[in-house]
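Trainee: This is the structure I want to talk about, given as structure tokens.
2 protein chains.
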Amino acid sequence: MTFRPLAGLALLTLMISSAYGQTPHLPPPETVRLDRLQLMQGFPPPADKRIDASNFLNQYPNIRWAFHHMRELLPTRNIARGSGTPYQLPQGEDRQQDINALEFTGPDGARMAFGDYLTATYADATIIMKDGKVIYEAYHEGMPADQPHIMWSMTKSFLGLLATQLIEEGVLRADALVTDYVPELSESGWQGATLQQLLNMTADIDYSEVYADAESDVVKYALAAGMVPAPDGFTGERDLYSYLPTIGAAEEHGQAFRYRTVHTETLGWVLRRATGKHTADLISERIWQKLGAEHDAYMLLDRNGAEWAGAGMNATLRDLARFGEMMRLEGKLNGEQIVSPEVVRSIREGADREAFKASGRDFQPGYSYRNQWWISHNKDGAFEALGVHGQTIHVNPAVGLVVVRLSSHPVATSAHTFPMTLPAMEALADRLR
Amino acid sequence: MTFRPLAGLALLTLMISSAYGQTPHLPPPETVRLDRLQLMQGFPPPADKRIDASNFLNQYPNIRWAFHHMRELLPTRNIARGSGTPYQLPQGEDRQQDINALEFTGPDGARMAFGDYLTATYADATIIMKDGKVIYEAYHEGMPADQPHIMWSMTKSFLGLLATQLIEEGVLRADALVTDYVPELSESGWQGATLQQLLNMTADIDYSEVYADAESDVVKYALAAGMVPAPDGFTGERDLYSYLPTIGAAEEHGQAFRYRTVHTETLGWVLRRATGKHTADLISERIWQKLGAEHDAYMLLDRNGAEWAGAGMNATLRDLARFGEMMRLEGKLNGEQIVSPEVVRSIREGADREAFKASGRDFQPGYSYRNQWWISHNKDGAFEALGVHGQTIHVNPAVGLVVVRLSSHPVATSAHTFPMTLPAMEALADRLR
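Protein sequences, first through last, are from chains X and Y.
Residue numbers 1 to 433, in UniProt numbering, belong to the letters of the first sequence in order.
Residue numbers 1 to 433, in UniProt numbering, belong to the letters of the second sequence in order.
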């Protein structure tokens with residue numbers, strides 16, 4: 001197996017580029033089932049079926065295996081479930097057949113069945129709960145139920161929830177400056193930004209999104225986090241704490257929502273400084289151990305042991321269903337008030353919908369982004385945690401609906417999956433209402 | 001933080017060299033308590049307290065932190081405990097004070113207290129069980145109870161136990177050739193060796209032990225396994241399946257015991273080929289899930305996802321006590337016959353003590369090595385799993401004694417710790433007899 005960090009970097013750039021340019025050519029999902037792909041099978045696997053840290057991020061179909069084997073590729077920190085009994089998810093009537101046949105109008109105007117939507121978005125695993133009971137649970141394409149799957153940006157919503165809780169407790173102040181907590185950022189673009197602006201991603205920074213440029217910031221971020229091996233001769237920053245202070249200033253803070261993962265990396269830094277705890281330990285102590293999680297979860301790490309706060313959490317489908325239920329029930333599950341009801345209500349209120357429009361995310365009409373959660377402002381008060389490649393936790397309090405979907409869509413954006421997810425969730429709510 | 005793979009390699013060579021040469025200069029153990037060392041504390045940790053994949057193996061005191069944070073440095077595969085209730089280790093009378101004061105004659109002829117022996121061997125955690133009850137449990141130097149600790153070569157004893165069980169079941173044949181299972185080795189030094197010779201390490205291979213030579217095989221092994229980053233320009237093998245077939249032939253098989261970790265790497269390959277399962281999954285399904293383990297364990301991986309079968313298992317102290325108890329009770333624990341009693345009895349019978357003498361391990365007088373276990377042949381029938389830097393599982397069936405000791409002695413050998421461990425275990429047995 002040849003080690004090709006430069007090729008990997010080029011491919012990463014290409015992949016991210018395609019996500020924001022024209023519609024890429026996608027392999028038919030039914031031809032790339034995990035159980036047929038035979039990735040990483042055998043001792044050793046055939047050379048053309050091997051996946052390691054240099055080729056997981058940038059090559060389809062490798063992500064289809066890699067997304068539930070991240071710890072086999074990279075360093076991780078455990079999120080301990082503790083020693084309590086798991087919270088048993090109650091089983092409801094099995095509605096799988098019914099729901100798979102449910103039709104809705106897709107983004108191209110054609111009718112689409114829910115089951116075909118899951119296939120078209122390269123779903124790995126899907127669970128649907130109605131009024132606290134499991135009515136749909138499927139592991140597609142050979143994905144095992146007990147393997148944590150990378151959540152990508154759904155990680156952000158865990159960070160945002162913890163920050164909101166810590167504000168509620170008075171440990172953090174929403175109107176404090178980011179640099180009050182992390183003085184190392186006082187010369188950076190976060191100078192002058194408040195914690196609330198960081199949480200809502202209305203702090204502004206000089207973070208270029210020219211994805212076709214190998215020098216662009218998103219590639220620098222991936223290299224700093226250790227998502228991709230450094231190319232030979234690379235002299236840039238190789239850890240997050242060195243990288244974040246190099247990001248410069250842009251426009252005035254507080255004007256527009258602009259979605260940038262590095263805001264959450266900075267939020268992770270703030271939370272560690274304020275609590276003295278690793279992000280993984282904070283999640284374990286305040287959420288995972290109380291939730292009655294069935295499996296340990298884990299966080300991916302950079303070379304200094306700093307978690308990828310904006311992208312690096314991995315958890316099983318059913319444990320994320322427990323988390324979604326807890327959010328639906330305003331912080332209460334497993335006989336315990338895990339976060340305060342005010343915290344969940346505050347998040348669900350949402351933020352400035354006008355500021356959201358600046359992001360150009362037309363596929364989320366009417367949305368706002370508050371404390372690292374996506375707020376639909378629809379009639380049911382639905383809100384979401386979302387991650388690239390199609391990761392979704394959708395909570396609809398009015399209908400009593402929680403949907404968790406883990407997936408590995410070939411393109412690293414929500415722009416290809418969310419236009420289907422939006423009408424799919426609406427159709428599901430109407431059916432179960 | 002400067003990345004210095006070449007320096008790391010040189011230091012690795014130096015450290016291993018010192019282990020087999022003159023007595024190295026050791027830092028006083030009481031000056032290197034984890035809770036005073038402040039390694040990897042802070043966000044980020046100070047530059048001189050940072051540990052990553054490039055400086056864990058080769059620098060003391062870094063190992064004192066790294067040995068129970070291996071997954072934060074390298075890729076790993078989970079050894080799932082399953083969803084059963086943990087087997088509760090019964091608590092006996094607390095004998096900690098009594099045992100710490102217990103005196104024995106050390107290798108230099110001076111009297112030594114058991115507590116001082118633990119300090120002198122840089123113990124991280126120690127548990128002692130008598131007749132199935134915990135009478136001593138201590139986490140030294142700030143080691144947390146719930147963190148898996150690297151077992152180094154105690155891993156081998158898990159592989160040997162599984163192989164013996166699979167021979168008992170007829171899945172493997174002790175007299176079959178290694179190359180019957182792994183044809184890729186037919187041009188290697190293992191050509192002509194039987195599985196039993198592999199298990200007893202009496203197969204002979206051209207595996208140099210000139211530790212001061214940076215080209216020596218043990219360094220090649222560490223690089224192939226991914227224990228150390230490859231130096232710039234390194235062109236050697238970078239994974240175990242590529243490396244093992246390059247090891248050549250030596251003398252006739254079956255004559256002498258010579259301890260070589262690569263024999264167990266080949267055993268791991270045999271077990272994977274025979275069962276179609278990863279080593280981690282085999283341990284999980286056949287041992288860990290049945291044992292009532294309290295925590296998941298894990299295996300370290302090379303870049304192809306192959307476990308370090310000879311060195312890469314990590315587990316908590318109490319889970320290893322459960323394992324030791326199971327071995328004491330001839331395969332039975334937690335209401336289940338986990339391996340057959342004949343399997344444990346067969347291991348305890350030991351092997352050829354004359355063949356053992358060829359190894360030059362004078363610090364283990366009268367011992368033999370059978371199926372990856374150290375057999376004392378003493379009057380109590382004591383037997384052991386051992387790992388470098390002082391890892392020990394000591395089982396004394398006659399006295400009903402199980403001792404597990406995890407540690408981080410500065411030198412990567414048993415030669416500095418075992419001469420204290422042998423009289424310490426004898427004194428402990430006599431006190432508890």
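Quick reminder that beta carbons are idealized off the backbone N, C-alpha and C, glycines included.
Small disclaimer: the values here were computed from a predicted structure and weren't measured.
Between the stretch 89-103 of chain X and the stretch 340-349 of chain X, can you find at least three pairs of beta-carbon atoms closer than 8 angstroms?
Mentor: Judged by Cβ distances under 8 angstroms, the stretch 340-349 of chain X makes no contact with the stretch 89-103 of chain X, as fewer than three pairs qualify.
Trainee: Determine whether the beta carbon atoms of residue 181 (chain X) and residue 260 (chain X) lie at a separation below 7 angstroms.
Mentor: Not closer than 7 angstroms, so no.
Trainee: List in chain order: all unbroken alpha helix (DSSP H) runs of 4+ residues lying wholly within the stretch 71-106 of chain Y.
Mentor: If we require 4 residues or more, the alpha helix (DSSP H) runs fully inside the stretch 71-106 of chain Y come out as 96-101.
Trainee: Is it right to say residue 196 (chain X) is buried, meaning 16 or more other beta carbons lie within 10 angstroms of its own, or is it exposed?
Mentor: Under this definition residue 196 (chain X) is a buried residue.
Trainee: Within its chain, find whatever has a CB closer than 6 angstroms to the CB of residue 324 (chain X); leave out the 5 residues flanking it on each side and keep chain order.
Mentor: Counting only Cβ-Cβ distances below 6 angstroms, and skipping sequence neighbours, we find 393, 395, 402 and 404.
Trainee: Tell me whether residue 413 (chain X) is buried or exposed, calling it buried when 16 or more other Cβ atoms sit within 10 Å of its Cβ.
Mentor: Burial call: buried.
Trainee: Do residue 57 (chain Y) and residue 218 (chain Y) have their C-beta atoms closer together than 7 angstroms?
Mentor: Result no, Cβ atoms of residue 57 (chain Y) and residue 218 (chain Y) do not sit closer than 7 angstroms.
Trainee: Give me the DSSP bridge partner(s) of residue 313 (chain Y).
Mentor: Per DSSP, Y:299.
Trainee: When the Cα of residue 41 (chain Y) is compared with those of X:328, X:278, X:308 and X:409, which residue comes out closest?
Mentor: For residue 41 (chain Y), the nearest C-alpha among the options comes from X:278.
Trainee: Mind checking which residues open and close the beta strand (DSSP E) that includes residue 387 (chain X)?
Mentor: Residues 383-387.
Trainee: Evaluate contact between the stretch 61-72 of chain Y and the stretch 129-136 of chain X, counting only Cβ atoms and requiring at least three cross-stretch pairs below 8 angstroms.
Mentor: Too few Cβ pairs lie closer than 8 angstroms, so no.
Trainee: To the nearest angstrom, how far is the alpha carbon of residue 47 (chain Y) from that of residue 179 (chain X)?
Mentor: Their Cα atoms are separated by approximately 22 angstroms.
Trainee: Which bits of chain Y does residue 146 (chain X) rub up against, with CB to CB less than 7 angstroms?
Mentor: Simply 80.
Trainee: Taking Cβ-Cβ distances shorter than 8 angstroms, what residues in chain X pair up with residue 75 (chain Y)?
Mentor: Chain X residues near residue 75 (chain Y): 53, 71, 72, 73, 74 and 75.
Trainee: Does the beta-carbon of residue 358 (chain X) have 16 or more other beta-carbons within 10 angstroms, so that it is buried, or is it exposed?
Mentor: Result: exposed.
Trainee: Does the Cβ-Cβ distance between residue 234 (chain Y) and residue 356 (chain Y) come in under 7 angstroms?
Mentor: For residue 234 (chain Y) and residue 356 (chain Y), no; Cβs fall outside 7 angstroms.
Trainee: Between the alpha carbons of residue 199 (chain Y) and residue 433 (chain Y), how many angstroms are there, rounded?
Mentor: Whole-angstrom Cα-Cα distance: 32 angstroms.
Trainee: Figure out for me which residue from X:171, X:311, X:34 and X:108 has the closest Cα to the Cα of residue 273 (chain X).
Mentor: The residue with the shortest Cα to Cα distance from residue 273 (chain X) is X:171.
Trainee: Assuming residue 297 (chain X) and residue 313 (chain X) make a contact with CB atoms under 8 angstroms, what is their CB distance in whole Å?
Mentor: Contact holds; Cβ gap of about 6 angstroms.
Trainee: With DSSP run on the structure shown, which of helix, strand or coil describes residue 421 (chain X)?
Mentor: Note: residue 421 (chain X) maps to helix in three-state DSSP.
Trainee: If we ignore side chains and look at the alpha-carbon of each, how far apart do residue 21 (chain Y) and residue 416 (chain Y) end up?
Mentor: Note that residue 21 (chain Y) has pLDDT 44, beneath the 50 cutoff, so the model's placement of it is unreliable and no number is given.
Trainee: Is residue 251 (chain Y) buried or exposed, if buried means 16 or more other CB atoms sit within 10 Å of its CB?
Mentor: Counting Cβ neighbours within 10 Å, residue 251 (chain Y) comes out exposed, since fewer than 16 surround it.
Trainee: If the criterion is Cβ atoms closer than 7 angstroms, does the pair residue 29 (chain Y) and residue 126 (chain Y) meet it?
Mentor: Cβ distance not < 7 angstroms, so residue 29 (chain Y) and residue 126 (chain Y) don't count as in contact.
Trainee: CA-CA distance, residue 288 (chain X) and residue 268 (chain X)?
Mentor: Their backbone Cα atoms lie some 17 angstroms apart in a straight line.
Trainee: What separation, rounded to the nearest whole angstrom, lies between the Cα atoms of residue 372 (chain X) and residue 424 (chain Y)?
Mentor: C-alpha separation (whole angstroms): 57 angstroms.
Trainee: Give a yes or no on whether the C-beta atoms belonging to residue 364 (chain Y) and residue 154 (chain Y) are separated by under 7 angstroms.
Mentor: No, these two residues do not count as a Cβ contact at 7 angstroms.
Trainee: Taking the runs of the beta strand (DSSP E) that are 3 residues or longer, which of them lie wholly in the stretch 166-220 of chain X?
Mentor: Entirely contained in the stretch 166-220 of chain X, not one beta strand (DSSP E) run reaches 3 residues.
Trainee: Note down the Cα distance separating residue 146 (chain X) from residue 86 (chain X), rounded to an integer number of angstroms.
Mentor: Their Cα atoms are separated by approximately 14 angstroms.
Trainee: Should residue 286 (chain Y) be flagged as near chain C, meaning a C-beta pair shorter than 7 angstroms?
Mentor: The displayed structure is made up of protein chains X and Y, and chain C is not among them.
Trainee: In three-state terms, what does DSSP make of residue 33 (chain X)?
Mentor: In the structure shown, residue 33 (chain X) sits in coil (DSSP, three-state: anything other than H, G, I, E or B).
Trainee: If the cut is a Cβ gap below 9 angstroms, which residues of chain Y does residue 40 (chain X) touch?
Mentor: The contacting residues are 304 and 305.
Trainee: Scan the stretch 317-335 of chain X for residues whose Cβ lies nearer than 7 angstroms to a Cβ of chain Y and list them as they occur along the chain.
Mentor: Residues passing the 7 angstroms Cβ filter: none.
Trainee: Give a yes or no on whether the C-beta atoms belonging to residue 162 (chain Y) and residue 282 (chain Y) are separated by under 7 angstroms.
Mentor: Yes, they are a contact pair.
Trainee: According to DSSP, simplified to helix, strand and coil, what is residue 22 (chain Y)?
Mentor: Because the pLDDT at residue 22 (chain Y) is just 48, under 50, the model does not fix this residue reliably, and the point stays unresolved.
Trainee: Consider the Cβ of residue 243 (chain X): report whether some Cβ of chain Y lies at a distance smaller than 7 angstroms.
Mentor: No - not a single Cβ of chain Y is within 7 angstroms of the one on residue 243 (chain X).
Trainee: Are the C-beta of residue 107 (chain Y) and some C-beta of chain X separated by less than 7 angstroms?
Mentor: Chain X, which has no Cβ nearer than 7 angstroms to the Cβ of residue 107 (chain Y), makes this no.
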